[in-house]
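Add 421 to a position in the sequence shown, counting from 1, and you land on the number used in UniProt numbering. Every residue, glycine too, gets a C-beta built ideally from N, C-alpha and C.
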Amino acid sequence: AKSRGRNTYQFFEPVLSAGVLQRLVMENALRGAMERNELLLHYQPQVDLGSGGICAAEALLRWRSAELGLVSPADFIPVAEEMGLIISIGEWVLRTACAQNKAWQDAGLPPIRVAVNVSALQVLAGTLPGIVAETLRDTGLDPRYLELELTESVMIREVEATLSQVIELKRLGVTISLDDFGTGYSSLGYLSRFPLDRLKIDQGFVRNITTEPKNAAIARATVALSQGLGMVVIAEGVETEGQLRYLHSIGCEEIQGYLFSRPVPPEELAVMVGQGKAL
Ligand code: C2E
Ligand code: CA
Ligand code: CA
Ligand code: CA
Numbered sequence: 422a423k424s425r426g427r428n429t430y431q432f433f434e435p436v437l438s439a440g441v442l443q444r445l446v447m448e449n450a451l452r453g454a455m456e457r458n459e460l461l462l463h464y465q466p467q468v469d470l471g472s473g474g475i476c477a478a479e480a481l482l483r484w485r486s487a488e489l490g491l492v493s494p495a496d497f498i499p500v501a502e503e504m505g506l507i508i509s510i511g512e513w514v515l516r517t518a519c520a521q522n523k524a525w526q527d528a529g530l531p532p533i534r535v536a537v538n539v540s541a542l543q544v545l546a547g548t549l550p551g552i553v554a555e556t557l558r559d560t561g562l563d564p565r566y567l568e569l570e571l572t573e574s575v576m577i578r579e580v581e582a583t584l585s586q587v588i589e590l591k592r593l594g595v596t597i598s599l600d601d602f603g604t605g606y607s608s609l610g611y612l613s614r615f616p617l618d619r620l621k622i623d624q625g626f627v628r629n630i631t632t633e634p635k636n637a638a639i640a641r642a643t644v645a646l647s648q649g650l651g652m653v654v655i656a657e658g659v660e661t662e663g664q665l666r667y668l669h670s671i672g673c674e675e676i677q678g679y680l681f682s683r684p685v686p687p688e689e690l691a692v693m694v695g696q697g698k699a700l
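(1) Counting along the chain, where does the beta strand (DSSP E) carrying residue 487 start and finish?
(2) Just mark residue 597 as buried or exposed, buried being the case when its beta carbon has 16 or more other beta carbons within 10 Å.
(3) With DSSP collapsed to three states, give me the class of residue 423.
(4) Do residue 569 and residue 535 count as a contact pair if the criterion is CB distance below 8 Å?
(5) Give the C-beta separation of residue 652 and residue 601 to the nearest angstrom, bearing in mind that I take them to be a contact with Cβ-Cβ under 8 Å.
(6) Does the distance from the C-beta atom of residue 506 to that of residue 494 stay below 8 Å?
(7) Among 500, 463, 586, 501, whose alpha-carbon lies nearest the alpha-carbon of residue 521?
(8) Spell out the partners DSSP gives residue 664 in its beta bridges.
(9) Could you check which residue in 553, 447, 439 has the C-alpha nearest to that of residue 514?
(10) By Cβ distance, which residues of its chain are closer than 7 Å to residue 650, with the 5 residues on each side in sequence left out?
(11) Any heavy atom of ligand 3 within a distance shorter than 7 Å of the CB on residue 657?
(12) Look up residue 626 in the DSSP assignment and say whether it is helix, strand or coil.
(13) Given 8 Å as the limit, is there contact between the region 579-593 and the region 641-649, that is, 3 or more CB pairs closer than that?
(14) Taking 8 Å as the threshold (C-beta atoms), are residue 524 and residue 480 in contact?
(15) Distance check for residue 516 and residue 560, CA to CA, integer angstroms please.
Given below as C-alpha cells:
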C-alpha cells in the first residue's frame, strides 16, 4: 500500500500473478534447455495389425529441467512456439531421431520408420524441406524410414505454401502423416489436395470407441475416407483389447497406444524391435 497523502491509501495487485511468474520461470529455464542437454526423446511403437509387428516408432520430446523437473511437452511446446524456440528444438528432434534410427539399422535391427512431430511454425518458416534434406544427408538415413507428422491447422492456414513444401518433402522420399485427425477443423477439401500417406485417428475418438456410438461412427468414417483416398489409417491412444478389436473390425491397419507400449527410452525400443515383439 502506497501512501497518497493523509488518509488515502491505494492498494495494488502484486506486480506478477502466480501464473505469469510460473510462465517467466519456464521461459527462462527453456531458453538454455537444449544447450544443457535437458531434452531427450522417447519412442512409442506403432504396430501393424497385419503382421502384429512394430512398423514404426513415434519420437516424443521429453524435457528434464534442472529447475522444474520433468515437464510435459503439452505444457512446454506451446511456450517454445511463442518464444520462437520451436524452430531450433524441432531441428534437434529431427536430427536426433534420424541419427537414432540410422544407429538402430547399423546395429542390425530390422528397419522401422521413425515418425517426427512437426510444429506448424516449422512449416510456416518455409525452410523445412531444406532442413530435412540436410538432416538425411548428414545422418545417412534412407528417406523412406522417416515420416513427418503434421497437423491439420497448417494445411488450412497457408494452403499453397504448405502444399508446395509437402510436395518437396515427398520428392525427397519421406512419408507424411496427418496427426490428430478430426480435432478442430471440419474442412475435408484439403485432404484430397495433399499427398498424405497416413492418417492418424485422434485418441479423443478412440477413448470411448466401444461405448460411444458417435465416436465409433467417426472412426468408421475416417477409415473409409482414408481407404478411399489411398491412405493408411492408424489409431493412437489405444489402451484396451476392446478398442483394438473394434478398430481391427472396421479395417484400421495400424495402432499405437499404451496397450502395446508407452513411449520408452531408445534402449527399450531397440529391445522390443530386436525381439520382434508382437501383439
Ligand atoms: P501427439 O503427437 O498427439 O502424441 C501422442 C500423445 O499421446 C503423446 O503424449 C503420447 O505419450 C500419448 N499417448 C500415447 N499412447 C497413449 C495411450 O494409450 N493413452 C493415452 N492417454 N495417451 C497416450 P506426449 O508424449 O505427452 O506428447 C504430447 C504432445 O506434445 C504430442 O501429441 C505432440 O503434439 C507434442 N509433441 C511431442 N513431441 C513433440 C516434438 O518433438 N515436436 C512437436 N512439435 N510436438 C511434440
Ligand atoms: Ca504425433
Ligand atoms: Ca496425435
Ligand atoms: Ca494430440
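The structure says:
(1) Taken as a continuous stretch (DSSP letters only), residue 487 belongs to no beta strand (DSSP E), as it is neither H nor E.
(2) So residue 597 counts as buried.
(3) Any answer about residue 423 is weak, because its pLDDT of 45 lies below 50 and its placement is not dependable; what the coordinates show is given next. If DSSP states are grouped into helix, strand and coil, residue 423 belongs with the strands.
(4) With contacts defined as CB atoms closer than 8 Å, residue 535 and residue 569 fail to qualify as a contacting pair.
(5) Between residue 601 and residue 652 the Cβ distance is about 15 Å, and since that is not below 8 Å, they are no contact.
(6) Not in contact: residue 506 and residue 494 (Cβ atoms no closer than 8 Å).
(7) The residue with the shortest Cα to Cα distance from residue 521 is 463.
(8) Residue pairing from DSSP leaves residue 664 without any beta-bridge partner.
(9) Answer by Cα proximity: 553.
(10) Counting only Cβ-Cβ distances below 7 Å, and skipping sequence neighbours, we find 612, 613.
(11) Checking every heavy atom of ligand 3 against the Cβ of residue 657, one is found closer than 7 Å.
(12) In the three-state scheme derived from DSSP, where H, G and I count as helix and E and B as strand, residue 626 is classed as helix.
(13) When C-beta atoms of the region 579-593 are compared with those of the region 641-649, fewer than three pairs fall below 8 Å, so the two segments do not count as touching.
(14) Not a contact, by the Cβ cut-off of 8 Å.
(15) Their backbone Cα atoms lie some 8 Å apart in a straight line.
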